[in-house]
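To start, the structure itself, in structure tokens.
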Amino acid sequence: MSVRDWISAVGLVSGALFCVIGAWGMVRLPDTLSRLQAATKPQTLGLLLILAGTAVRLEPHFAAGLVLAGLFQVITAPVLSQLFGRAAYRTGGVDRSTLVVDELSQRLRAGRE
Amino acid sequence: MSIVFAITFGLLAVAGLLTLLRIVRGPRTLDRILAVDVLVVLIVAGTAVGMAMSSRGIYIALIVVVALLGFVGTISVVRLVERREEYR
Amino acid sequence: MPRRGRHGTRVAPSLVIWLVIVWMLLWGTFDVATAVYGLVVALIVLVLFPLPSHRWNIFRRPWRLAVLAGYVLVDLFGSALRFVADAVRNSGRVSAAIIAVPVLSDVDHIIASAANVVSLAPGKFVLQIDRPGGIWYVYTTGVRAAQDAHKAYDDVVDMQRVVVWAFGDEQEAPEARSRAEEAKRQRDRTAASRPQEPAPIEAVAESEAEARGADADTDADAGDGDENRREDR
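Protein chains in written order, with UniProt numbering: chain G, 1 to 113; chain H, 1 to 88; chain P, 1 to 233.
In structure tokens form, the structure reads like this:
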């Protein structure tokens, strides 16, 4: 195995591990908001690692497309999580027992008094 | 190197199965949409690994398009669900 | 302080550069012909679908942009590992918080990019942006005691400072620094007046309960929590 193979192997396997961790979190965690964390963040990191692992094995001009895909993922993941988070909070996807502090609901309540 | 690809595909398959479990179990629509989105990311990752295996970049366009379409689709569905469930 | 860009159909050069780069990455070829076609496509797109013009040039300071990218990557790795460690140690039990954090900038695109940077870090995301009030409501996991919430607060403030430093213009960065210090001072004050271990909230936000027409059970809970909160004030 050459150096390039090693880099690729590390990227691929660690990326896949992060994907598994994210999926495991999706199954284990109790409410939509925490699942959202597991789903978007380790997934993003995992995909980036896998794309990097793939890119080193391809010709440079194919790797450019992978960079684009990774960039899209990094740009879209936070947008998605914000949208999901808001929707989940509004439609009651939050398990209140997991919250230690909720300054948003305090604020919502104060706003109506 | 082929054992690396085998391990990677295996791990991705496990992740996909776990995600499928979440799709089946729900319980809310949002959870299912989230799981489908994760599944799309896993498919993209799997396609990338496939390209690494063959060392040919034939699916680059597929990866970019699927990633973007997944994003747009998820956003529209989330907005729809949010609007429907908020006033229930 | 809010400086809004003039609204018009002027084609922003940074957007053109950005679209051409995307186009070239998409084709994977870096020659003159692709660049020219990309330029044509970018101009067509920008003329047909004009965006509100803004004076934001993301490539104005590539070095700071690179530092920001590095910061985000390190943060992504570090907090991914922390999130995993936390999830494994507590075997899937979550302890989270939604905290209010002041926004350090008045410029829309900086707020948006800072929110994205914060949301990219695992264990945190911006749940709600109160634009007129200048407050973010950030959801963070791994909060077990007041100290954790304070650390998350400081993290978010620091991240915002880096983003303003990278994207803002010359007078915004020092302004953001002073605001960050002010925010931390205020946080310390409220921390002193607050109980060290925040009591768990069993209350459901009434607005949601009303909107959903929740059953009597949760209503009783909400009333209970309300009483506690009034005593706190």
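Note that CB positions come from ideal geometry on N, CA and C, so glycine has one too.
Mind listing the chain P neighbours of I50 (chain G)? Cutoff is C-beta to C-beta under 8 Å, in chain order. Here the premise fails: no neighbours, minimum Cβ distance about 14 Å.
Residues that P102 (chain P) bridges to, as DSSP identifies them: Assignment of beta-bridge partners to P102 (chain P) by DSSP yields P:I135.
When the Cα atoms are used, what is the spatial distance from P60 (chain G) to S55 (chain H)? Those two C-alpha atoms are separated by around 11 Å.
Does any residue of chain G bring its CB to less than 8 Å from the CB of residue 90 (chain H)? Absent from the structure is residue 90 (chain H), since the part of chain H shown begins at 1 and ends at 88.
Restricting to Cα atoms, I'd like to know which of P:D148, P:I129, P:V117 and P:V47 is closest to K41 (chain G). The residue with the shortest Cα to Cα distance from K41 (chain G) is P:V117.
Cutoff 8 Å: residue 244 (chain P) Cβ touching any chain G Cβ: One cannot answer for residue 244 (chain P) here, as it falls past the ends of chain P, which runs 1 to 233.
Which class does I129 (chain P) belong to by DSSP, given the choice of helix, strand or coil? In the structure shown, I129 (chain P) sits in a strand (DSSP, three-state: E or B).
Any beta carbon from chain G within less than 8 Å of Q147 (chain P)'s own beta carbon? So no, Q147 (chain P) is outside the interface.
Any C-beta of chain P sitting closer than 8 Å to the C-beta of G85 (chain G)? For G85 (chain G), the nearest beta carbon of chain P is closer than 8 Å to its own beta carbon.
Please check if any C-beta of chain P sits within less than 8 Å of the C-beta of V10 (chain G). So, not an interface residue.
Please name the residue in G:D5, G:V94 and G:W6 whose C-alpha comes closest to that of Q37 (chain G). In this structure, G:V94 is the residue among G:D5, G:V94 and G:W6 with its C-alpha nearest to the C-alpha of Q37 (chain G).
By the 8 Å beta-carbon criterion, what residues does the segment 12-26 of chain P contribute toward chain G? Taking 8 Å as the Cβ-Cβ cut-off against chain G, the residues of the segment 12-26 of chain P that qualify are V22, M24, L25 and L26.
Measure the CB-CB distance between I7 (chain G) and V49 (chain H) and report whether it falls below 8 Å. In this structure, I7 (chain G) lies away from V49 (chain H), with their beta-carbon atoms at least 8 Å apart.
Are the segment 52-69 of chain G and the segment 61-80 of chain P touching by the rule of at least three beta carbon pairs closer than 8 Å? Too few Cβ pairs lie closer than 8 Å, so no.
Residue nearest to A12 (chain P) in terms of C-alpha spacing, selected from P:V32, P:Y37, P:W27 and P:A42: Nearest C-alpha to A12 (chain P): P:A42.
Below 8 Å between beta carbons: does that hold for L80 (chain G) and G57 (chain H)? Taking a C-beta distance under 8 Å as the contact criterion, L80 (chain G) and G57 (chain H) do not qualify as a contact pair.
Residue(s) in a DSSP beta bridge with L99 (chain G): According to DSSP, L99 (chain G) bridges with P:A96.
When the cut-off is 8 Å and only beta carbons count, does L76 (chain P) lie next to chain G? Cβ-Cβ to chain G under 8 Å: yes for L76 (chain P).
Give the residues from the segment 61-76 of chain H that approach chain G closer than 8 Å (Cβ to any Cβ), ordered along the chain. Residues passing the 8 Å Cβ filter: A61, I63, V64, A67, L68, F71, T74 and I75.
Identity of the residues DSSP links to K124 (chain P) by a beta bridge: Partner(s): P:T140.
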